[in-house]
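K.L.:
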Amino acid sequence: MKLKFGYCFFLVWGIFLFSSFSKKKEDPTWNYEIECAGSGNTGTYLVKIWTYDKKASIAENTAKKNAVHAVLFKGFTGNKELRCQAQKPIVTDTSIQYSQSDYFNAFFGEQFYLKYVALSSPTPEVIKTGKKQYKIGYVVTVSKDLLRSDLEKAGIIRGLSTGFN
1 MKLKFGYCFF
11 LVWGIFLFSS
21 FSKKKEDPTW
31 NYEIECAGSG
41 NTGTYLVKIW
51 TYDKKASIAE
61 NTAKKNAVHA
71 VLFKGFTGNK
81 ELRCQAQKPI
91 VTDTSIQYSQ
101 SDYFNAFFGE
111 QFYLKYVALS
121 SPTPEVIKTG
131 KKQYKIGYVV
141 TVSKDLLRSD
151 LEKAGIIRGL
161 STGFN
């Protein structure tokens with residue numbers, strides 16, 4: 001009886017151990033936070049994008065990519081001290097990111113997003129958050145009007161005036 005219990009115990013333990021190794025990790029590409037960094041020029045957002053990484057430095061393009069992704073799909077909260085209002089994402093239907101995956105894979109993969117973003121400060125702010133985890137912050141400007149216009153022309157989103165005719 002004890003022998004059967006021992007076999008069952010090791011079988012269950014082995015399955016548990018194996019299943020913990022085979023879990024698919026979350027896509028690290030979109031591991032970021034966004035916050036308002038002030039009021040930008042007309043047609044732009046001035047935001048601070050925080051990217052989490054195992055290294056204390058990230059490529060500037062990673063910060064730019066995350067900022068455009070956040071403006072498109074996440075939006076950000078306002079900040080009264082910096083006199084900026086909360087902003088909804090440009091793409092309000094979350095399913096579009098997946099239904100138009102070919103477009104967005106090319107958009108981010110071919111670096112088309114670089115047309116809509118610029119660093120406002122080349123020096124990042126780095127905060128150590130864990131043993132091997134860093135939070136790297138860049139202030140960037142995102143051209144929201146140009147981004148929205150190009151998405152409308154591509155048929156990805158509907159224009160703001162659609163439905164008023």
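According to our numbering, the sequence shown is numbered sequentially starting from 1.
All C-beta atoms, glycine included, are put in the ideal place defined by N, C-alpha and C.
(1) Taking all protein chains shown into account, do 16 or more other C-beta atoms lie within 10 angstroms of the C-beta of Gln-173, making it buried, or fewer, making it exposed?
(2) Closer than 6 Å by C-beta to Asn-79: which residues in its own chain qualify, once you throw out the five before and the five after it? Chain order, please.
(3) On the CB-based measure, 16 or more other CB atoms within 10 Å of its CB, does Arg-148 come out buried or exposed?
(4) Considering only C-alpha positions, which residue in the set Leu-151, Ser-39 and Thr-51 is nearest to Thr-62?
(5) Just to confirm the assignment, what range does the beta strand (DSSP E) spanning Ile-136 have?
(6) Can you have a look at Tyr-138 and say buried or exposed, based on whether 16 or more other CB atoms are within 10 angstroms of its CB?
(7) Tell me whether Lys-23 sits in a helix, a strand or coil according to DSSP, three-state version.
(8) Give me, in chain order, the residues of the same chain whose beta-carbon lies closer than 8 Å to that of Ala-56; leave out the 5 immediate sequence neighbours on both sides.
(9) Give the straight-line distance between the Cα atoms of Arg-158 and Glu-152, rounded to the nearest whole angstrom.
(10) Tell me the residue span of the beta strand (DSSP E) that contains Asp-102.
(11) Quick check: the Cα distance between Gly-219 and Asn-66, rounded to an integer number of angstroms?
(12) Would you decide whether Ala-70 is buried or exposed? Buried here means 16 or more other CB atoms lie within 10 Å of its CB.
(13) Beta carbon of Phe-112, beta carbon of Gln-97: below 8 Å?
(14) In or out: Val-12 buried (at least 16 other Cβ within 10 Å) or exposed?
(15) Just to confirm, is the Cβ distance from Leu-82 to Gly-38 under 8 Å?
(16) In chain order, what residues of the same chain lie with their CB nearer than 6 Å to the CB of Ile-58, ignoring the 5 residues before and after it?
(17) Indicate the three-state DSSP secondary structure (helix, strand or coil) for Asn-61 in the structure shown.
P.N.:
On the basis of the supplied data:
(1) No answer is possible for residue 173: the residues shown for the chain start at 1 and end at 165.
(2) Residue 79 sits at position 79 when you count from the first residue of the sequence shown. If we look at Asn-79 and ignore the five residues flanking it on each side, its Cβ neighbours are Cys-36.
(3) Locating residue 148 in the sequence shown gives position 148, counting from the first residue. By the neighbour-count rule (16 or more Cβ atoms within 10 Å), Arg-148 is buried.
(4) The residue given as residue 62 occupies position 62 in the sequence shown. The residue with the shortest Cα to Cα distance from Thr-62 is Thr-51.
(5) Here residue 136 refers to the residue found at position 136 of the sequence shown. Where Ile-136 is concerned, the enclosing beta strand (DSSP E) stretches over 133 to 142.
(6) As a first step, residue 138 must be located in the sequence shown, where it is residue number 138. Flag for Tyr-138 reads buried.
(7) Taking the sequence shown and counting its residues from 1, one reaches residue 23 at position 23. Per-residue confidence for Lys-23 stands at a pLDDT of 40, beneath the threshold of 50, marking its modelled position as unreliable; no derived number is given.
(8) Position 56 of the sequence shown, counted from the start, is the residue given in the question as residue 56. So the list reads Val-126, Lys-128, Tyr-134 and Ile-136, once near-sequence residues are dropped.
(9) Translated into the one-based positions of the sequence shown, residue 158 becomes position 158. Translated into the one-based positions of the sequence shown, residue 152 becomes position 152. Their Cα atoms are separated by approximately 6 Å.
(10) The residue given as residue 102 occupies position 102 in the sequence shown. Unbroken run through Asp-102 is the alpha helix (DSSP H), 101 to 109; no beta strand (DSSP E).
(11) This structure cannot settle anything about residue 219, because the visible part of the chain is limited to 1 through 165.
(12) Start at 1 with the first residue of the sequence shown, and residue 70 comes out as number 70. Buried, since its Cβ has 16 or more Cβ neighbours within 10 Å.
(13) Here residue 112 is taken as the residue at index 112 of the sequence shown, counted from 1. Here residue 97 is taken as the residue at index 97 of the sequence shown, counted from 1. Against a cut-off of 8 Å, the Cβ pair of Gln-97 and Phe-112 comes out as no contact.
(14) Stepping through the sequence shown from its first residue, residue 12 is reached at position 12. Its pLDDT being 41, under 50, Val-12 is placed unreliably by the model, and nothing is read from it.
(15) In the sequence shown, residue 82 corresponds to position 82, counting from 1. In the sequence shown, residue 38 corresponds to position 38, counting from 1. With contacts defined by Cβ atoms closer than 8 Å, Leu-82 and Gly-38 form a contacting pair.
(16) For this step, residue 58 is matched to residue 58 along the sequence shown. Cβ neighbours of Ile-58 beyond the five flanking positions: Thr-51 and Ile-136.
(17) To locate residue 61, count along the sequence shown from 1; it is residue 61. Correct three-state label for Asn-61: helix.
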